[in-house]
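Accompanying notes for the structure given below.
Okay, here's the thing in structure tokens:
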């Protein structure tokens with residue numbers, strides 16, 4: 194194994210000192226700009242209703258994301274929905290991870306077309322956050338939808354793991 198390959202398997206915090214969550218997320222498969230294989234999704238969030246923030250991103254995928262011929266792989270569809278729902282945690286000023294997700298694949302999600310993924314926070318019960326998301330065709334048809342439960346992480350646990358909060 195080369196040094197470069199070995200570095201890929203070592204936690205980034207141990208290579209570069211303590212990283213903020215935002216610095217670590219820069220390599221996120223869904224939204225990280227530093228991940229050459231990633232989806233590079235750029236989300237906008239709307240927290241005008243602080244109890245029910247929303248997030249949205251426009252995207253277009255190509256053959257690298259293909260499952261059935263001409264359509265997006267189901268795992269990528271799940272990733273898109275999960276990523277959209279995860280973006281709701283920041284306007285809630287929380288760090289959380291996906292615990293459970295359900296997906297309804299309603300219609301095949303086409304490649305080479307401009308699409309949109311949207312999400313909405315539904316409610317909170319203790320440490321559980323309930324979110325929903327949809328992938329929409331250009332005419333607004335819902336192609337896939339999902340719901341998830343996210344679990345809020347304890348900031349003290351993150352600090353013990355070497356993460357720091359981003360400075361506001």
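In the numbering used here, the protein residues as written are 194 to 361.
Virtual Cβ for every residue (Gly too), placed ideally from N, Cα, C.
Source: prediction; values computed, not measured.
Could you pull the start and end residues of the alpha helix (DSSP H) that residue i belongs to?
{"i": "residue 276", "result": "267-279"}
{"i": "residue 353", "result": "348-353"}
Count the other CB atoms within 10 Å of the CB of residue i; is the residue buried (16 or more) or exposed (fewer)?
{"i": "residue 313", "result": "buried"}
{"i": "residue 299", "result": "exposed"}
{"i": "residue 339", "result": "buried"}
{"i": "residue 282", "result": "buried"}
{"i": "residue 278", "result": "buried"}
{"i": "residue 198", "result": "With a pLDDT of only 44 at residue 198, under 50, the local geometry of the prediction cannot be trusted, and no value is derived from it."}
{"i": "residue 353", "result": "exposed"}
{"i": "residue 227", "result": "exposed"}
{"i": "residue 334", "result": "exposed"}
{"i": "residue 318", "result": "exposed"}
{"i": "residue 246", "result": "buried"}
{"i": "residue 275", "result": "buried"}
With distances taken between CB atoms, is the gap from residue i to residue j smaller than 7 Å?
{"i": "residue 280", "j": "residue 236", "result": "yes"}
{"i": "residue 303", "j": "residue 331", "result": "no"}
{"i": "residue 324", "j": "residue 337", "result": "no"}
{"i": "residue 301", "j": "residue 264", "result": "yes"}
{"i": "residue 289", "j": "residue 322", "result": "yes"}
{"i": "residue 234", "j": "residue 250", "result": "yes"}
Compare the Cα-Cα distances from residue i to each of the options and report the closest residue.
{"i": "residue 258", "options": "336, 270 and 227", "result": "270"}
{"i": "residue 285", "options": "320, 330, 335 and 351", "result": "320"}
{"i": "residue 310", "options": "317, 329 and 302", "result": "329"}
{"i": "residue 262", "options": "305, 295 and 242", "result": "305"}
{"i": "residue 268", "options": "246, 294 and 219", "result": "294"}
{"i": "residue 244", "options": "327, 345, 315 and 355", "result": "315"}
{"i": "residue 292", "options": "221, 346 and 239", "result": "346"}
{"i": "residue 273", "options": "260, 327 and 242", "result": "327"}
{"i": "residue 351", "options": "219, 248 and 287", "result": "287"}
{"i": "residue 224", "options": "239, 260, 240 and 248", "result": "248"}
Which first and last residues belong to the beta strand (DSSP E) in which residue i is found?
{"i": "residue 339", "result": "335-345"}
{"i": "residue 235", "result": "Run containing residue 235: none; DSSP gives neither H nor E here."}
{"i": "residue 293", "result": "289-298"}
{"i": "residue 227", "result": "Unbroken run through residue 227: none, as it is neither H nor E."}
{"i": "residue 249", "result": "247-252"}
Which runs of the beta strand (DSSP E) spanning at least 3 residues fall entirely within the stretch 301-329, listed in chain order?
If one requires a minimum length of 3 residues, the beta strand (DSSP E) runs lying completely within the stretch 301-329 are 308-318 and 321-329, in chain order.
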